[in-house]
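Residue numbers (UniProt numbering): 1 to 426. Cβ coordinates follow ideal geometry from the N, Cα and C atoms, glycine included.
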């Protein structure tokens, strides 16, 4: 059995046209320069972003760098911009103890058969290599590292301008639509508690965690009631003294089936349809008692405490007013959607969220958010990519019917030139 997914080990790729064929790739493609024009810009190359790129390819779109030149009818074009240095999305940053046995089945990408992997292999080793092979096999031509700084409407309001920076360079891609798949990993949420700045110990977030041994012998306040919180609580309890704090009493479940997942996604979807900030899917599914968590409960590790009221230099103050000495406060308090670059579009509603219709922003049909709200869970990420692409291509086709125009490449290039000139003249 293979310990990892060695880079270069190929699976069965599904041809973008729908016919299965084994694709031979002799060398990784050279990353192209950022194009100036694309019908669709996909921002982010994690699970949801690659899913969107796959469905664009399957529906006949091609990477902008590979678009045929000439004046005849041209295919739709897209480009995937990724801020990471390499493939893998957020999986590149997971802690080493997160094994494939734990993540099995939740990282699948459409169109590539997965070879067997050692369930004890570290996901941080296996999955970036899997994502790299996926990009190569399907010819997605991901451009990285490129950081999108902001997205604006064109001066005439008919298109979008994607402003990017990379290695001291900057530029703009003119697009007709975007699929935003920037995820949440880059925006860890740190709640504030009185006295937090006075704490003399160490504070870290899930995003900072590497291994339990770094906390060996410490007294650790673990904060949070999500899946990562209980998994890491269990892990570090073997080498440190732990105290578990949550705002609400955890809800435990013994199993979790497909119908449960669908109901959870529907509940989160209802919030974003109303323009409210999305809840995490786990907040409505509850926590699953795995065998390891049953064992942790028997060791007394899962004895939950109400959230402390404030922080003092050497510990935390409990709801009873007692000072509990701790050396480390470990915040497993989740993440927020990385949407700052979309601020110029003014997508947020008064309720604080973005009003959504499935993946489509209700007030801006050219913008789709995948990995946001119901599609933030792997239950819905791949499906979201497919739905976003279907809606975008339908929108572009409708626009083309209403406005007979020159070939797409010529029209987009002209629109880009005029938009940049207009913005520069302001």
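- In this model, residue 101 and residue 125 are separated by some 13 Å (Cα to Cα).
- Sixteen is the threshold: since fewer than 16 other Cβ atoms of the shown chains lie within 10 Å of the Cβ of residue 294, the residue is exposed.
- With contacts defined by Cβ atoms closer than 8 Å, residue 74 and residue 98 do not form a contacting pair.
- For residue 139, the closest C-alpha among the options 94, 79, 161 is that of 79.
- Distances from the CA of residue 92 to each of 194, 207, 197, 201 were compared; the closest alpha carbon is that of 207.
- When DSSP assignments are scanned along the stretch 32–62, the uninterrupted stretches of alpha helix (DSSP H) that are 4 or more residues long and fall wholly within it turn out to be 47–58.
- Put simply, of 250, 219, 320 the residue whose alpha carbon is nearest the alpha carbon of residue 229 is 250.
- The residue among 58, 158, 296 with its C-alpha nearest the C-alpha of residue 403 is 158.
- The beta carbon of residue 310 lies closer than 7 Å to those of 193, 194, 195, 317 in the same chain, with the five residues before and after it left out.
- Annotation: residue 202 to residue 335 spans about 20 Å, alpha carbon to alpha carbon.
- Judged by DSSP secondary structure, residue 231 falls within the alpha helix (DSSP H) whose first and last residues are 227–236.
- Rounded to the nearest angstrom, the Cβ distance from residue 36 to residue 174 is 7 Å, consistent with a contact under 8 Å.
- In the DSSP assignment, residue 184 falls outside any alpha helix (DSSP H), carrying neither H nor E.
- By alpha-carbon distance to residue 49, the top candidate from 64, 34, 38, 88 is 88.
- Rounded to the nearest angstrom, the Cβ distance from residue 245 to residue 223 is 5 Å, consistent with a contact under 8 Å.
- Cβ neighbours of residue 52 within its own chain (closer than 7 Å, five residues either side excluded): 42, 179, 181, 370, 385, 388, 389.
- In the DSSP annotation of this structure, the continuous segment of the beta strand (DSSP E) that includes residue 304 starts and ends at 304–306.
- DSSP lists 329 as the bridge partner or partners of residue 203.
- DSSP places residue 74 in the coil class of the three-state scheme, outside both helix and strand.
- According to DSSP, residue 312 shares a beta bridge with 315.
- For residue 365, the secondary structure class from DSSP, reduced to helix, strand or coil, is strand.
- The DSSP-derived three-state label of residue 213 is helix.
- If you compare the alpha carbons of 326, 116, 301 with that of residue 217, the shortest gap goes to 326.
- In this structure, DSSP gives residue 176 an extended state, which the three-state scheme calls strand.
- Taking the C-beta atoms as reference points, residue 199 is found nearer than 8 Å to residue 313.
- Nearest C-alpha to residue 358 among 367, 350, 351, 135: 367.
- Around the Cβ of residue 95, a 10 Å sphere holds 16 or more other Cβ atoms; the residue is buried.
- Taking the Cβ atoms as the reference, residue 108 lies roughly 7 Å from residue 382, within the contact range of under 8 Å.
- Ranking 59, 38, 323 by CA distance to the CA of residue 66 puts 38 first.
- If one requires a minimum length of 3 residues, the beta strand (DSSP E) runs lying completely within the stretch 106–168 are 147–153, 160–166, in chain order.
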